[in-house]
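This note's numbering applies: residue 200 is where the sequence shown begins, and numbers increase by one. Positions of the beta carbon are idealized from the N, C-alpha and C atoms, including for glycine. In this text the structure is predicted, and so the values were computed from the model without any measurement. Written below as structure tokens is the structure these notes are about.
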Amino acid sequence: MNPYQNKNEYETLNASQKKLNISNNYTRYPIENSPKQLLQSTNYKDWLNMCQQNQQYGGDFETFIDSGELSAYTIVVGTVLTGFGFTTPLGLALIGFGTLIPVLFPAQDQSNTWSDFITQTKNIIKKEIASTYISNANKILNRSFNVISTYHNHLKTWENNPNPQNTQDVRTQIQLVHYHFQNVIPELVNSCPPNPSDCDYYNILVLSSYAQAANLHLTVLNQAVKFEAYLKNNRQFDYLEPLPTAIDYYPVLTKAIEDYTNYCVTTYKKGLNLIKTTPDSNLDGNINWNTYNTYRTKMTTAVLDLVALFPNYDVGKYPIGVQSELTREIYQVLNFEESPYKYYDFQYQEDSLTRRPHLFTWLDSLNFYEKAQTTPNNFFTSHYNMFHYTLDNISQKSSVFGNHNVTDKLKSLGLATNIYIFLLNVISLDNKYLNDYNNISKMDFFITNGTRLLEKELTAGSGQITYDVNKNIFGLPILKRRENQGNPTLFPTYDNYSHILSFIKSLSIPATYKTQVYTFAWTHSSVDPKNTIYTHLTTQIPAVKANSLGTASKVVQGPGHTGGDLIDFKDHFKITCQHSNFQQSYFIRIRYASNGSANTRAVINLSIPGVAELGMALNPTFSGTDYTNLKYKDFQYLEFSNEVKFAPNQNISLVFNRSDVYTNTTVLIDKIEFLPITRSIREDREKQKLETVQQIINTFYANPIKNTLQSELTDYDIDQAANLVECISEELYPKEKMLLLDEV
Numbered sequence: 200m201n202p203y204q205n206k207n208e209y210e211t212l213n214a215s216q217k218k219l220n221i222s223n224n225y226t227r228y229p230i231e232n233s234p235k236q237l238l239q240s241t242n243y244k245d246w247l248n249m250c251q252q253n254q255q256y257g258g259d260f261e262t263f264i265d266s267g268e269l270s271a272y273t274i275v276v277g278t279v280l281t282g283f284g285f286t287t288p289l290g291l292a293l294i295g296f297g298t299l300i301p302v303l304f305p306a307q308d309q310s311n312t313w314s315d316f317i318t319q320t321k322n323i324i325k326k327e328i329a330s331t332y333i334s335n336a337n338k339i340l341n342r343s344f345n346v347i348s349t350y351h352n353h354l355k356t357w358e359n360n361p362n363p364q365n366t367q368d369v370r371t372q373i374q375l376v377h378y379h380f381q382n383v384i385p386e387l388v389n390s391c392p393p394n395p396s397d398c399d400y401y402n403i404l405v406l407s408s409y410a411q412a413a414n415l416h417l418t419v420l421n422q423a424v425k426f427e428a429y430l431k432n433n434r435q436f437d438y439l440e441p442l443p444t445a446i447d448y449y450p451v452l453t454k455a456i457e458d459y460t461n462y463c464v465t466t467y468k469k470g471l472n473l474i475k476t477t478p479d480s481n482l483d484g485n486i487n488w489n490t491y492n493t494y495r496t497k498m499t500t501a502v503l504d505l506v507a508l509f510p511n512y513d514v515g516k517y518p519i520g521v522q523s524e525l526t527r528e529i530y531q532v533l534n535f536e537e538s539p540y541k542y543y544d545f546q547y548q549e550d551s552l553t554r555r556p557h558l559f560t561w562l563d564s565l566n567f568y569e570k571a572q573t574t575p576n577n578f579f580t581s582h583y584n585m586f587h588y589t590l591d592n593i594s595q596k597s598s599v600f601g602n603h604n605v606t607d608k609l610k611s612l613g614l615a616t617n618i619y620i621f622l623l624n625v626i627s628l629d630n631k632y633l634n635d636y637n638n639i640s641k642m643d644f645f646i647t648n649g650t651r652l653l654e655k656e657l658t659a660g661s662g663q664i665t666y667d668v669n670k671n672i673f674g675l676p677i678l679k680r681r682e683n684q685g686n687p688t689l690f691p692t693y694d695n696y697s698h699i700l701s702f703i704k705s706l707s708i709p710a711t712y713k714t715q716v717y718t719f720a721w722t723h724s725s726v727d728p729k730n731t732i733y734t735h736l737t738t739q740i741p742a743v744k745a746n747s748l749g750t751a752s753k754v755v756q757g758p759g760h761t762g763g764d765l766i767d768f769k770d771h772f773k774i775t776c777q778h779s780n781f782q783q784s785y786f787i788r789i790r791y792a793s794n795g796s797a798n799t800r801a802v803i804n805l806s807i808p809g810v811a812e813l814g815m816a817l818n819p820t821f822s823g824t825d826y827t828n829l830k831y832k833d834f835q836y837l838e839f840s841n842e843v844k845f846a847p848n849q850n851i852s853l854v855f856n857r858s859d860v861y862t863n864t865t866v867l868i869d870k871i872e873f874l875p876i877t878r879s880i881r882e883d884r885e886k887q888k889l890e891t892v893q894q895i896i897n898t899f900y901a902n903p904i905k906n907t908l909q910s911e912l913t914d915y916d917i918d919q920a921a922n923l924v925e926c927i928s929e930e931l932y933p934k935e936k937m938l939l940l941d942e943v
């Protein structure tokens with residue numbers, strides 16, 4: 200008898216109904232009767248030990264959760280995401296450095312994190328390089344410890360006592376840290392072997408370390424700009440004298456963001472290309488997709504996730520805190536050892552085991568078909584996913600992956616709203632016993648509802664297994680660094696996880712011992728299922744979180760530095776958001792790239808129920824038709840001229856339309872951003888608006904004295920300019936507004 204089938208009391212994941220047109224034979228069992236002890240926010244290493252000691256199938260699990268350098272990456276990204284949510288002048292530096300220093304520069308009795316970063320990449324690509332270069336890179340990076348620690352200590356001292364001496368000390372330390380990274384990062388890059396190909400490989404190896412060092416530098420530059428502005432705007436610091444070598448940090452910051460972003464993405468792509476163009480001697484000279492995917496997954500968490508957050512350091516663009524999300528998917532692989540390259544080329548493997556660019560999805564259910572047999576050693580033959588788009592109540596069905604027969608029996612695991620899988624064990628039969636494709640026999644799911652841990656399982660047949668099995672654990676490390684009985688907790692818990700399961704795909708390999716290769720897709724836990732618009736932060740909502748696309752629009756792969764894919768905007772798309780619990784006015788802007796020509800006419804229109812339609816002219820940001828390798832500067836911001844006001848707890852639908860649908864120009868939308876309007880932001884925007892309108896009106900005239908209009912000027916252009924002038928605040932610029940109205 201199955202001990203989980205207690206019909207009097209059981210924990211179910213179907214806490215709310217969805218529009219799911221699927222079988223309702225979900226696996227359920229009473230949580231209190233589970234044979235595995237619930238580990239509510241305890242260390243999963245203890246649970247792993249239990250699995251290894253008490254697992255009914257015997258033997259050890261192979262874990263795909265890297266407890267070393269990969270956890271450092273997820274913690275760093277989680278720390279930066281959290282730090283951007285602070286609005287105080289020193290919030291990001293104090294919170295960030297307090298967490299990052301022990302992660303990047305651990306105690307002497309622990310492993311060298313910088314060395315681990317480099318070794319990890321070296322183990323993936325497996326190309327030789329002289330150890331002296333790696334050793335030298337570690338020495339260069341470890342020099343940063345004392346500089347960062349000293350700066351952090353001065354910040355804490357100043358926070359407790361902002362007297363003249365402590366204030367000057369912080370300013371001095373900022374300069375010293377800036378000069379340090381200004382020298383160390385180029386030194387790291389230039390300390391490569393003289394041979395060009397070896398130099399490229401060296402820079403690929405040290406890329407994750409480069410990205411971490413760049414992030415530290417940008418953190419300091421961001422704080423330098425904020426700190427100087429804070430001192431300037433507070434009269435209590437009027438006594439301060441300018442530093443003898445004072446720096447205008449803002450242009451230094453914006454240039455560093457651009458340079459670091461472009462370098463990281465370019466070098467990352469060199470690594471991908473190296474793997475794709477280097478035959479694997481162990482695979483008869485074929486390209487190893489598994490190596491390619493492993494590199495992509497690890498470098499996404501190590502480099503690209505961090506790089507996607509670099510724009511947030513721009514104080515001019517983000518003067519207050521920022522709420523950011525990472526919408527990319529990464530993949531972990533099961534059963535790849537049976538050499539798929541013998542039967543499928545690289546691109547077929549890529550297409551079969553990963554998802555094409557798509558709107559962001561949330562997993563509703565996993566549905567597995569078990570083989571119709573009553574004997575032991577049963578397994579799943581095929582499966583499909585049910586999913587929905589953000590704030591969309593219609594669940595959609597994926598293709599069926601695997602080898603489905605009409606006699607197979609369906610078993611499903613349903614997930615209600617705000618229920619997520621963050622860890623799973625997979626038990627699969629060893630394929631040497633099977634005539635059919637080797638598939639999964641059992642899966643244990645570790646699930647969170649935000650307040651507790653839930654455990655579920657899917658088992659093929661009776662669950663009785665007499666054959667040898669393969670056992671694997673899938674998931675990714677924690678998001679935030681915590682201490683658990685003196686030791687860092689690296690395995691995810693119900694309230695501290697960095698990724699959730701989003702999709703499962705598979706590919707059948709027709710080998711002698713048939714194998715089914717599976718990929719488990721994971722999305723970052725920073726993604727908000729409600730698209731919440733915050734009243735005290737700049738809210739970034741990735742465009743791929745739309746729930747509706749026009750027939751001509753599509754999702755395309757991002758360039759590597761946007762944190763996810765982009766919408767190729769041809770006609771229209773709709774995104775649904777939820778406002779937080781206070782009334783607030785906002786400016787709305789987009790982050791985009793376009794090869795269209797400059798235009799004074801509204802090209803993008805935004806419709807929001809209860810709000811007058813907003814229009815936006817479009818400026819070109821790049822030339823040509825190739826948008827697969829766009830650089831940082833190819834993305835710009837455009838803001839709708841009028842502010843909007845949202846009521847508390849309001850559900851909001853935003854519909855974006857293009858008025859030039861018949862033109863052959865590209866408009867790529869990265870993010871929609873909502874800027875809560877404070878007095879300082881309003882004054883800044885009104886000043887920008889005034890300058891923009893003045894520039895537009897100046898173009899109407901054929902000469903500087905403005906007595907002759909351009910011959911191609913139309914009444915429409917004049918009307919549009921007049922509308923823009925009307926939007927200028929009479930309270931702040933009454934005289935300027937009157938003069939501009941006279942000119943048009």
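Exercise. Would Ile-927 pass as a contact of Val-892 if the rule is Cβ separation under 8 Å?
Worked result: Here residue 927 is taken as the residue at index 728 of the sequence shown, counted from 1. Here residue 892 is taken as the residue at index 693 of the sequence shown, counted from 1. Cβ distance < 8 Å, so Ile-927 and Val-892 count as in contact.
Exercise. Residues in its own chain within less than 8 Å of Ser-822 by CB, not counting five upstream and five downstream?
Worked result: Within the sequence shown, residue 822 is the residue found at index 623, counting from 1. Asn-794.
For this session: Verify whether the separation of the beta carbon atoms of His-351 and Ala-423 is less than 8 Å.
Result: Position 152 of the sequence shown, counting from 1, holds the residue named residue 351. Position 224 of the sequence shown, counting from 1, holds the residue named residue 423. Not closer than 8 Å, so no.
Exercise. When you compare only the Cα positions, how much space is there between Phe-839 and Thr-750?
Worked result: Stepping through the sequence shown from its first residue, residue 839 is reached at position 640. Stepping through the sequence shown from its first residue, residue 750 is reached at position 551. Rounded to whole angstroms, Phe-839 to Thr-750 spans 25 Å at the Cα level.
Exercise. Assuming Ile-895 contacts Ala-920 under a Cβ cut-off of 8 Å, what Cβ separation, rounded to an integer in Å, is found between them?
Worked result: As a position in the sequence shown, residue 895 is number 696, starting the count at 1. As a position in the sequence shown, residue 920 is number 721, starting the count at 1. Confirmed, about 6 Å.
For this session: Note down the Cα distance separating Thr-692 from Ile-646, rounded to an integer number of angstroms.
Result: Locating residue 692 in the sequence shown gives position 493, counting from the first residue. Locating residue 646 in the sequence shown gives position 447, counting from the first residue. When rounded, the distance between both Cα atoms is 9 Å.
For this session: For the segment 342-385, list the alpha helix (DSSP H) runs that are entirely contained and at least 4 residues long, ordered along the chain.
Result: 343-359
For this session: Under 8 Å by Cβ, that's how I've got Thr-580 and Lys-596 pegged, so tell me the actual separation to the nearest angstrom.
Result: Here residue 580 is taken as the residue at index 381 of the sequence shown, counted from 1. Here residue 596 is taken as the residue at index 397 of the sequence shown, counted from 1. With a Cβ gap of about 17 Å, Thr-580 and Lys-596 do not count as contacting.
Exercise. Does DSSP put Val-943 in a helix, a strand or coil?
Worked result: Locating residue 943 in the sequence shown gives position 744, counting from the first residue. It is coil, neither helix nor strand.
Problem set entry | Candidates Leu-837, Lys-832, Thr-824, Val-405, of which the one nearest Val-802 by Cα | Residue mapping note: residue 802 aligns to position 603 of the sequence shown, counting from 1. That would be Leu-837, whose Cα lies nearest to the Cα of Val-802.
For this session: Give a yes or no on contact between the segment 531-549 and the segment 483-503, applying the rule of three or more CB pairs nearer than 8 Å.
Result: yes
Exercise. Is the segment 699-710 touching the segment 745-760, taking contact as three or more C-beta pairs under 8 Å?
Worked result: no
Problem set entry | Through-space distance from His-603 to Asn-686, alpha-carbon basis | Here the question's residue 686 lines up with position 487 in the sequence shown. Here the question's residue 603 lines up with position 404 in the sequence shown. In this prediction, Asn-686 scores a pLDDT of 49, lower than 50, which makes its location untrustworthy; no coordinate-derived value is stated.
Exercise. From Ala-816 to Arg-800, what distance separates their C-alpha atoms?
Worked result: By one-based count along the sequence shown, residue 816 stands at place 617. By one-based count along the sequence shown, residue 800 stands at place 601. Approximately 5 Å, taken between the alpha carbons.
Exercise. Straight-line CA distance for Gln-367 to Leu-375?
Worked result: As a position in the sequence shown, residue 367 is number 168, starting the count at 1. As a position in the sequence shown, residue 375 is number 176, starting the count at 1. For Gln-367 and Leu-375, the distance between alpha carbons rounds to 12 Å.
Exercise. Span of the beta strand (DSSP E) holding Asp-916?
Worked result: Mapped onto the sequence shown, residue 916 falls at position 717. Note, Asp-916: premise wrong, no beta strand (DSSP E); alpha helix (DSSP H) at 914-925.
Exercise. Is it the case that the Cβ atoms of Leu-387 and Leu-420 are separated by a distance below 8 Å?
Worked result: As a position in the sequence shown, residue 387 is number 188, starting the count at 1. As a position in the sequence shown, residue 420 is number 221, starting the count at 1. No, these two residues do not count as a Cβ contact at 8 Å.
Exercise. On the three-pair Cβ rule with 8 Å, is the segment 324-331 touching the segment 387-400?
Worked result: yes
For this session: From the DSSP output, in three-state form, read off Ser-480 for me.
Result: For the purposes of this step, residue 480 is taken as the residue at position 281 of the sequence shown. In the structure shown, Ser-480 sits in a helix (DSSP, three-state: H, G or I).
Exercise. Using a Cβ-Cβ cut-off of 7 Å (strictly less than) and excluding sequence neighbours within five positions of Tyr-932, which residues of its own chain qualify?
Worked result: On the sequence shown, residue 932 is found 733 positions in, with the first residue counted as 1. Hits under 7 Å: Glu-885, Leu-889.
Problem set entry | Local conformation of Val-464 per DSSP, three classes | Numbered from its first residue, the sequence shown carries residue 464 at position 265. The answer is helix: DSSP assigns Val-464 an H, G or I state.
Exercise. The beta strand (DSSP E) with Gln-777 in it runs from where to where?
Worked result: To locate residue 777, count along the sequence shown from 1; it is residue 578. Taken as a continuous stretch (DSSP letters only), the beta strand (DSSP E) holding Gln-777 covers 771-778.
For this session: Could you tell me if Met-642 is buried or exposed, where buried requires 16 or more neighbouring beta carbons within 10 angstroms of its beta carbon?
Result: Here residue 642 is taken as the residue at index 443 of the sequence shown, counted from 1. It is buried - the Cβ of Met-642 has at least 16 other Cβ atoms within 10 Å.
Problem set entry | Residue range of the beta strand (DSSP E) that includes Ser-705 | In the sequence shown, the residue the question calls residue 705 occupies position 506. Segment 698-708, the beta strand (DSSP E) holding Ser-705.
Problem set entry | Buried versus exposed, by CB contacts within 10 Å (16 or more), Tyr-344 | Within the sequence shown, the letter at position 145 stands for residue 344. A small fix is needed here, since residue 344 is Phe in this sequence, not Tyr. Counting Cβ neighbours within 10 Å, Phe-344 comes out exposed, since fewer than 16 surround it.
Exercise. Can you tell which of Asp-869, Tyr-785, Tyr-272 has its C-alpha closest to the C-alpha of Asn-841?
Worked result: Here residue 841 corresponds to residue number 642 of the sequence shown, with the count starting at 1. The candidate whose alpha carbon is nearest that of Asn-841 is Tyr-785.
Problem set entry | Contact under 8 Å by Cβ, Ile-868 with Phe-768 | Along the sequence shown, read from residue 1 onward, the residue named residue 868 stands at position 669. Along the sequence shown, read from residue 1 onward, the residue named residue 768 stands at position 569. Yes. Within cutoff.
Exercise. Can His-582 and Gly-613 be called in contact, C-beta distance under 8 Å?
Worked result: If you number the sequence shown from 1, residue 582 lands on position 383. If you number the sequence shown from 1, residue 613 lands on position 414. The answer is no: Cβ separation not under 8 Å.
Exercise. If you check the beta carbons only, do Ser-407 and Thr-320 fall under 8 Å apart?
Worked result: The residue you call residue 407 lines up with position 208 of the sequence shown. The residue you call residue 320 lines up with position 121 of the sequence shown. Going by C-beta atoms, Ser-407 is nearer than 8 Å to Thr-320.
Problem set entry | Whole runs of the alpha helix (DSSP H) within the segment 486-528, excluding any shorter than 4 residues | 488-498
Problem set entry | C-alpha gap between Leu-805 and Ile-787, whole angstroms | Residue numbering aside, residue 805 sits at position 606 when the sequence shown is read from its first letter. Residue numbering aside, residue 787 sits at position 588 when the sequence shown is read from its first letter. One C-alpha to the other measures close to 10 Å.
Problem set entry | N- and C-terminal bounds of the beta strand (DSSP E) containing Pro-741 | In the sequence shown, the residue the question calls residue 741 occupies position 542. Where Pro-741 is concerned, the enclosing beta strand (DSSP E) stretches over 737-741.
Exercise. In terms of alpha-carbon separation, which member of Ile-732, Val-506, His-587, Phe-567 lies closest to Phe-559?
Worked result: As a working mapping, residue 559 is identified with position 360 in the sequence shown. When only C-alpha atoms are compared, the closest one is His-587.
Exercise. Do Ile-672 and Asn-624 have their C-beta atoms within less than 8 Å of each other?
Worked result: Counted from its first residue, the sequence shown places residue 672 at position 473. Counted from its first residue, the sequence shown places residue 624 at position 425. Cβ distance < 8 Å, so Ile-672 and Asn-624 count as in contact.
For this session: Starting from the C-beta of Tyr-568, find all residues in its chain whose C-beta is less than 6 Å away, skip the five residues before and the five after it, and write them out in chain order.
Result: By one-based count along the sequence shown, residue 568 stands at place 369. Only Thr-580, Ser-581, His-603, Asp-607, Leu-609 meet the Cβ criterion.
For this session: On a CA-only basis, which of Thr-737, Thr-665, Asn-856 is nearest Tyr-957? Give me that one, please.
Result: Residue 957 is absent from the model: the chain starts at 200 and stops at 943.
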